[in-house]
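Q: Dropping the structure in here first, questions after.
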Amino acid sequence: MTFAFMVVLGLIVLIPVLAIVIDSPLSEALARRIGNTDSGTNQSARIDAMEQEIQYLTQAVEGIREETAFVRALVEGDEALPALPPRHPGRPAGNDGER
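Take the sequence shown: its position 44, counting from 1, is numbered 43 in numbering that gives the first Met the number 0, and each next residue is one higher.
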């Protein structure tokens, strides 16, 4: 085989492989990183927004923890919870009679 034939065969194989590599998510991420020329102020604003979102999510998780503890106490029948007052004999169950 001649050298020219090997070069042509190499190009025929190399072109599709190169196209697959260029179209891959890794190369797209690399291109975004190289092309990303955000200034420090834009990154600072993004970091501030992320910190606010993290603070909001932390508060939401804490609220969910409190709600879960309350429901768990109800399900487990915690004696520390106050009991309902006794029902009056003349009233129907589940209705105060008020509208």
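Even glycine gets a Cβ: it sits at the ideal position worked out from N, Cα and C.
Please return the same chain residues whose Cβ sits closer than 7 Å to the Cβ of Ala44, not counting the five positions on each side in sequence.
A: Hits under 7 Å: none found.
Q: What span of residues does the alpha helix (DSSP H) with Pro24 cover, start to end?
A: 24–34
Q: Please go through the same chain and pick out, in chain order, the residues whose beta-carbon is closer than 7 Å to the beta-carbon of Leu10, but skip the five residues on each side of it.
A: none
Q: Taking only the alpha-carbon atoms, compute the straight-line gap between Tyr55 and Asn35 and give it to the nearest angstrom.
A: 28 Å
Q: Do you know how far the Cα of Met49 is from the Cα of Val6?
A: 52 Å
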